[in-house]
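**Q**
There are 2 protein chains.
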Amino acid sequence: MGRISHLECRECHTQYPAERLYFCPSCFAPLDVKYRYDGVRWTRSLFQNAPRSLWRYLDLLPIEDESKVVDIGAGFTPLIKATRLGQELGLRNLYIKNDTVNPTFSFKDRPAAVGVSKALEFGLKAVGCASTGNLAAATAAYAARAGLRCYIFIPREVEPEKIAHAQIYSPTIIQVNGSYDAANRLAAQAAEAYDVGVVNINLRTYYVEGSKTLGFEIAEQLGWQTPDHIVAPVGSGALLHAVSKGLEELEQIGLIGSSRVKFTAAQGEGCAPIVEAFRRGSDTVEPVEHPKTLAKSLAIGEPGDGIYVLRKLRECGGYAEQVSDPEIVEGIRLLAKTEGIFSEPAGGVVIGALKRLVEAGKVDSDETIVCLITGSGLKATDSLIPYLPRPLTTEPELGQVAQIIGR
Amino acid sequence: MGRISHLECRECHTQYPAERLYFCPSCFAPLDVKYRYDGVRWTRSLFQNAPRSLWRYLDLLPIEDESKVVDIGAGFTPLIKATRLGQELGLRNLYIKNDTVNPTFSFKDRPAAVGVSKALEFGLKAVGCASTGNLAAATAAYAARAGLRCYIFIPREVEPEKIAHAQIYSPTIIQVNGSYDAANRLAAQAAEAYDVGVVNINLRTYYVEGSKTLGFEIAEQLGWQTPDHIVAPVGSGALLHAVSKGLEELEQIGLIGSSRVKFTAAQGEGCAPIVEAFRRGSDTVEPVEHPKTLAKSLAIGEPGDGIYVLRKLRECGGYAEQVSDPEIVEGIRLLAKTEGIFSEPAGGVVIGALKRLVEAGKVDSDETIVCLITGSGLKATDSLIPYLPRPLTTEPELGQVAQIIGR
Numbered sequence: 000m001g002r003i004s005h006l007e008c009r010e011c012h013t014q015y016p017a018e019r020l021y022f023c024p025s026c027f028a029p030l031d032v033k034y035r036y037d038g039v040r041w042t043r044s045l046f047q048n049a050p051r052s053l054w055r056y057l058d059l060l061p062i063e064d065e066s067k068v069v070d071i072g073a074g075f076t077p078l079i080k081a082t083r084l085g086q087e088l089g090l091r092n093l094y095i096k097n098d099t100v101n102p103t104f105s106f107k108d109r110p111a112a113v114g115v116s117k118a119l120e121f122g123l124k125a126v127g128c129a130s131t132g133n134l135a136a137a138t139a140a141y142a143a144r145a146g147l148r149c150y151i152f153i154p155r156e157v158e159p160e161k162i163a164h165a166q167i168y169s170p171t172i173i174q175v176n177g178s179y180d181a182a183n184r185l186a187a188q189a190a191e192a193y194d195v196g197v198v199n200i201n202l203r204t205y206y207v208e209g210s211k212t213l214g215f216e217i218a219e220q221l222g223w224q225t226p227d228h229i230v231a232p233v234g235s236g237a238l239l240h241a242v243s244k245g246l247e248e249l250e251q252i253g254l255i256g257s258s259r260v261k262f263t264a265a266q267g268e269g270c271a272p273i274v275e276a277f278r279r280g281s282d283t284v285e286p287v288e289h290p291k292t293l294a295k296s297l298a299i300g301e302p303g304d305g306i307y308v309l310r311k312l313r314e315c316g317g318y319a320e321q322v323s324d325p326e327i328v329e330g331i332r333l334l335a336k337t338e339g340i341f342s343e344p345a346g347g348v349v350i351g352a353l354k355r356l357v358e359a360g361k362v363d364s365d366e367t368i369v370c371l372i373t374g375s376g377l378k379a380t381d382s383l384i385p386y387l388p389r390p391l392t393t394e395p396e397l398g399q400v401a402q403i404i405g406r
Numbered sequence: 000m001g002r003i004s005h006l007e008c009r010e011c012h013t014q015y016p017a018e019r020l021y022f023c024p025s026c027f028a029p030l031d032v033k034y035r036y037d038g039v040r041w042t043r044s045l046f047q048n049a050p051r052s053l054w055r056y057l058d059l060l061p062i063e064d065e066s067k068v069v070d071i072g073a074g075f076t077p078l079i080k081a082t083r084l085g086q087e088l089g090l091r092n093l094y095i096k097n098d099t100v101n102p103t104f105s106f107k108d109r110p111a112a113v114g115v116s117k118a119l120e121f122g123l124k125a126v127g128c129a130s131t132g133n134l135a136a137a138t139a140a141y142a143a144r145a146g147l148r149c150y151i152f153i154p155r156e157v158e159p160e161k162i163a164h165a166q167i168y169s170p171t172i173i174q175v176n177g178s179y180d181a182a183n184r185l186a187a188q189a190a191e192a193y194d195v196g197v198v199n200i201n202l203r204t205y206y207v208e209g210s211k212t213l214g215f216e217i218a219e220q221l222g223w224q225t226p227d228h229i230v231a232p233v234g235s236g237a238l239l240h241a242v243s244k245g246l247e248e249l250e251q252i253g254l255i256g257s258s259r260v261k262f263t264a265a266q267g268e269g270c271a272p273i274v275e276a277f278r279r280g281s282d283t284v285e286p287v288e289h290p291k292t293l294a295k296s297l298a299i300g301e302p303g304d305g306i307y308v309l310r311k312l313r314e315c316g317g318y319a320e321q322v323s324d325p326e327i328v329e330g331i332r333l334l335a336k337t338e339g340i341f342s343e344p345a346g347g348v349v350i351g352a353l354k355r356l357v358e359a360g361k362v363d364s365d366e367t368i369v370c371l372i373t374g375s376g377l378k379a380t381d382s383l384i385p386y387l388p389r390p391l392t393t394e395p396e397l398g399q400v401a402q403i404i405g406r
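From first to last, the protein sequence lines stand for chains A and B.
Numbering-wise, the first sequence is residues 0 to 406 according to numbering that gives the first Met the number 0.
Numbering-wise, the second sequence is residues 0 to 406 according to numbering that gives the first Met the number 0.
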């Protein structure tokens with residue numbers, strides 16, 4: 000008897016055994032992994048000598064056989080007290096969860112590590128995904144470490160730089176003569192036809208569990224407390240939902256007193272379907288046909304977990320904010336300038352959203368706030384260059400530098 | 000009475016108080032920081048609840064006032080058992096020290112964190128460096144976090160992409176109308192004239208101490224043992240020297256039984272002055288006038304610590320290997336393909352050197368070997384693109400994919 004109890008439909012609550020299911024066969028809604036919790040005496044001291052990675056929470060993750068764990072050291076990333084950024088914004092208890100320092104430099108290490116481990120446990124020989132960004136790199140890296148074949152499906156129109164990071168891990172890159180949707184569809188068909196574990200499709204039920212470790216870590220790093228407020232970047236909505244699920248699980252086993260957190264969902268203008276729905280007071284998300292935002296990793300026009308994010312925001316009294324491209328760049332630069340952390344555009348969205356919350360008086364200066372910074376700015380440096388100031392120039396003479404330094 | 004005992008000349012062994020000295024006033028050789036060690040009862044359990052960063056070793060670092068520590072979470076990076084790479088090379092106890100996951104994505108976080116902290120302790124108002132690479136980014140980031148002004152000196156010929164990472168932290172970039180040497184000279188003059196803490200010049204004595212934490216961590220992560228062999232990338236030679244110093248300090252305080260390690264110094268062909276000197280059996284290093292290697296971060300034609308690296312290699316029975324550009328790329332790809340770790344070219348040099356050691360029968364298959372992977376490949380993705388294979392292409396039809404996947 001393992002640690003997973005069953006899979007449960009998020010809508011009709013039908014229960015299923017923990018097999019290779021990725022949607023509810025009766026109502027097609029997503030499935031959540033439910034755990035037994037009875038094999039472990041849950042105490043905080045459990046974690047004192049635990050591995051310094053997300054695998055410290057193995058007992059709360061959907062891998063039954065520890066020998067299948069694929070580990071490059073993802074997770075347990077720093078939670079940094081952001082004193083200088085806080086001063087800038089008038090916030091006294093601001094924290095940055097720095098997920099840029101994962102092995103493939105984004106939070107996608109978390110779900111990819113769990114998804115690829117689960118593929119090993121299921122005895123699959125190949126994994127894959129349709130992605131050109133963080134997920135492609137993470138999936139290819141964990142497949143490499145595991146020694147599994149890996150197929151990355153990409154659309155026709157992709158610049159070589161976008162895919163180079165994933166390519167370095169030597170997956171098979173399959174460029175589909177069509178759109179991103181076409182690539183995604185082909186990946187889903189290949190998953191069925193050739194028994195490929197496409198992590199965010201037919202392994203999704205397990206894969207998303209990796210992201211909840213962000214919630215576990217935040218609580219543990221705050222001394223087994225939840226913050227008052229978490230600002231999360233939202234693409235599909237899976238991350239926000241997973242972090243919330245993680246905190247609820249910690250409450251359930253008594254490691255934290257309450258999982259009550261206010262969430263803010265942050266999106267980029269030009270692809271903010273969840274923010275728009277929240278503002279309309281609607282329960283349904285209108286797809287965005289042509290996403291257009293600097294925050295490419297959030298440019299998901301039809302967010303799979305959109306309705307669950309909306310439910311969560313309403314239940315917790317949270318907010319939804321959208322941020323323009325210039326605000327994204329300003330957010331990236333402000334975070335770097337005050338705290339020395341270089342974020343990809345998704346993190347600029349988060350800082351921009353936080354700034355908007357402050358300006359609108361939606362946060363209290365004493366609230367404990369955690370900003371999720373989910374990927375490294377090195378992945379998008381080129382797109383930032385147009386916004387950077389030109390260097391000062393000088394002749395190589397000390398006297399000339401006086402004007403610059405000697406003030 | 001603080002933890003620093005004194006500064007000591009590496010050549011004439013004259014002792015000086017721990018002030019702002021960066022070379023021996025009598026013989027111009029480098030100075031090393033020496034510690035008292037008597038304020039602490041040194042036991043391994045000291046580190047059980049220590050911070051998960053290089054600051055866990057604060058008692059062994061040259062900062063007297065803990066309130067001056069500038070911390071973004073650098074260090075205590077994963078030491079990964081490299082089973083698949085080991086199999087590929089016929090090595091049973093191979094480890095990767097993954098310093099790509101530091102806050103600015105290279106090992107330079109370590110000396111920059113210590114250098115900028117020391118600048119705060121000295122009461123300086125500004126720091127800086129002459130660099131276009133890892134050091135520029137790290138110095139700018141720690142200055143940002145500390146709230147210090149920061150001046151980055153760069154030469155005339157630099158592509159905007161090279162400097163963008165540092166720029167994001169909003170230092171003042173000073174582009175000197177001249178060569179890298181001219182930029183370096185101007186930085187040194189400004190350090191003197193305007194009381195700027197140029198981390199790798201007038202703060203060098205303290206700055207280099209940060210790098211020895213790599214040695215501390217390797218020993219601690221191996222269960223307070225030294226490995227048999229460390230393969231280190233060598234530019235100035237400061238890193239190899241510092242790692243060796245760190246292990247000697249651990250032996251001195253009794254945390255490890257012996258600091259005996261065989262070192263291999265790895266350089267890129269086209270800038271391998273230390274390898275050349277080692278092969279000649281010479282004690283002196285002939286400068287390389289025009290360094291030319293893919294491993295830009297190692298392209299230092301006149302290595303400051305070259306003679307100390309040579310001494311160390313001879314004393315420990317170590318090796319020196321140089322690696323061509325194609326071998327560098329092959330090393331990067333091999334590491335990524337087997338272990339899911341994406342290194343900058345310096346790490347490709349290390350893996351290439353290891354491969355040469357194996358082929359020459361210089362390592363035993365049971366030796367415990369640690370490869371220092373010192374920076375993220377995301378910093379040099381563009382230079383790798385020409386070496387990557389083209390993606391396979393397909394129409395968006397399942398039948399077409401059969402040829403690729405269905406084997």
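We put the beta carbon where it would ideally sit given N, CA and C, even for glycine.
All of these numbers come straight from a predicted model, not from anything done at the bench.
How long is the line joining the alpha carbons of C426/B and L45/B, rounded to whole angstroms?
**A** Limits of chain B in this structure are 0 at one end and 406 at the other, which puts residue 426/B out of reach.
**Q** Entirely within the segment 128 to 171 of chain A and at least 4 residues each: give me those alpha helix (DSSP H) ranges in chain order.
**A** The qualifying runs are 133 to 145 and 159 to 166.
**Q** Taking beta-carbon pairs under 8 Å, can you tell me which members of the segment 163 to 174 of chain B lie near chain A?
**A** Result list: A163, H164, Q166, I167, Y168, S169, T171, I172, I173 and Q174.
**Q** Going by DSSP, name the residue or residues bridged to Y179/B.
**A** Y179/B pairs with nothing; no bridge assigned.
**Q** Over what stretch of residues does the beta strand (DSSP E) that includes P16/B continue unbroken?
**A** Premise fails: P16/B is in no beta strand (DSSP E) and is neither H nor E.
**Q** Does any residue of chain B have a CB that is nearer than 9 Å to the CB of Y318/A?
**A** Not closer than 9 Å to any Cβ of chain B, the Cβ of Y318/A fails to qualify, so no.
**Q** Count Cβ pairs between the segment 211 to 219 of chain B and the segment 326 to 343 of chain B that sit closer than 8 Å; are there 3 or more?
**A** The segment 211 to 219 of chain B is not in contact with the segment 326 to 343 of chain B.
**Q** Rank T393/A, E120/A, A359/A and E160/A by C-alpha distance to the C-alpha of Y206/A and give the top, closest one.
**A** When only C-alpha atoms are compared, the closest one is E120/A.
**Q** Between the C-alpha atoms of S281/B and K361/B, what's the straight-line distance to the nearest angstrom?
**A** The alpha-carbon atoms of S281/B and K361/B are separated by roughly 21 Å.
**Q** Helix, strand or coil for T103/B per DSSP?
**A** T103/B falls in the coil class under three-state DSSP.
**Q** What does a CB cutoff of less than 8 Å around I403/A pick up in its chain, not counting 5 residues either side in sequence?
**A** Excluding sequence neighbours, I403/A sits near L391 and T393.
**Q** Would you list, in chain order, the members of the segment 96 to 114 of chain B that have their beta-carbon closer than 9 Å to a beta-carbon of chain A?
**A** Those residues of the segment 96 to 114 of chain B that come within reach of chain A (Cβ to Cβ, closer than 9 Å) are N97, T99, V100, N101, P102, T103 and F104.
**Q** Return the residues of the segment 62 to 86 of chain B that lie within a Cβ-Cβ distance of less than 7 Å from chain A, sorted by chain order.
**A** Answer set for the segment 62 to 86 of chain B: I71, G72, P77, I79 and R83.
**Q** Determine the chain B residues that contact F341/A at a beta-carbon separation under 9 Å, and present them in chain order.
**A** Going along chain B in sequence order, the residues near F341/A (Cβ under 9 Å) are P102, T103, F104, A136, A140, H164, I167 and Y168.
**Q** Determine the chain B residues that contact A192/A at a beta-carbon separation under 7 Å, and present them in chain order.
**A** Chain B residues near A192/A: L397.
**Q** Do D58/A and R2/A have their CB atoms nearer than 9 Å?
**A** Contact flag set, yes.
**Q** Check for me: the alpha helix (DSSP H) holding P232/A runs from which residue to which?
**A** Run containing P232/A: none in the alpha helix (DSSP H); it sits in the beta strand (DSSP E), H228 to P232.
**Q** Please look up how many angstroms separate the CB atoms of I151/A and I173/A, rounded, as I've assumed it's under 8 Å.
**A** Right, the Cβ-Cβ distance comes to about 7 Å (below 8 Å), so this counts as a contact.
**Q** Counting only C-beta atoms, is N176/B closer than 9 Å to chain A at any point?
**A** With 9 Å as the cut-off, N176/B counts as an interface residue toward chain A.
**Q** Which runs of the beta strand (DSSP E) fall wholly inside the segment 245 to 308 of chain A and span at least 3 residues, in chain order?
**A** Entirely contained in the segment 245 to 308 of chain A, the beta strand (DSSP E) runs reaching 3 residues are, in chain order, 261 to 267.
**Q** Considering only residues of the same chain and omitting the five flanking positions on each side of A139/B, which have a CB-CB separation below 7 Å?
**A** Result list for A139/B: C149, I151, A165, Y168 and P170, in chain order.
**Q** Starting from S375/A, follow its DSSP beta bridges and name the residues at the other end.
**A** Answer is S342/A.
**Q** Using the beta-carbon of each residue, which ones in chain B are nearer than 7 Å to K378/A?
**A** The contacting residues are L377.
**Q** From G132/A to A142/A, what distance separates their C-alpha atoms?
**A** C-alpha separation (whole angstroms): 16 Å.
**Q** What does the Cβ neighbour count give for G256/A, buried or exposed, with the cut at 16 atoms within 10 Å?
**A** Exposed, by the Cβ-count rule.
**Q** Taking the alpha carbon of L78/B as the point to measure from, which residue in V113/B, L93/B and V260/B has its own alpha carbon closest?
**A** Closest by alpha carbon: L93/B.
**Q** If you run the structure through DSSP and keep just helix, strand and coil, what is T42/B?
**A** In the structure shown, T42/B sits in coil (DSSP, three-state: anything other than H, G, I, E or B).
**Q** Measure the Cβ-Cβ separation of I368/B and P226/B and say whether it is below 9 Å.
**A** Cβ atoms of I368/B and P226/B: closer than 9 Å.
**Q** What's the C-alpha gap between D381/B and I162/B?
**A** Roughly 14 Å separates the two Cα atoms.
**Q** For the segment 144 to 164 of chain A, which residues have a CB atom closer than 8 Å to at least one CB atom of chain B, in sequence order?
**A** Cβ contacts with chain B come from R144, G146, Y150, I153, P159, E160, I162, A163 and H164.
**Q** Express the C-alpha separation of T76/A and G339/B in angstroms, rounding to a whole number.
**A** If I take the Cα positions, the gap works out to 18 Å.
**Q** Should A118/B be flagged as near chain A, meaning a C-beta pair shorter than 9 Å?
**A** Not an interface residue.
**Q** Using CA coordinates, which residue listed in A192/A, V198/A and L246/A is at the minimum distance from L213/A?
**A** Measuring from the Cα of L213/A, the nearest candidate turns out to be L246/A.
**Q** Contact defined as beta carbons within less than 8 Å: I believe V175/B pairs with I153/B. What is the distance between those atoms, to the nearest angstrom?
**A** Yes, they are in contact, since the Cβ atoms of V175/B and I153/B sit about 7 Å apart, within 8 Å.
**Q** Helix, strand or coil for E320/B, going by three-state DSSP, please let me know.
**A** E320/B: strand per DSSP, three-state reduction.
**Q** Within this structure, are the beta carbons of G114/B and A189/B separated by less than 9 Å?
**A** Going by C-beta atoms, G114/B is not nearer than 9 Å to A189/B.
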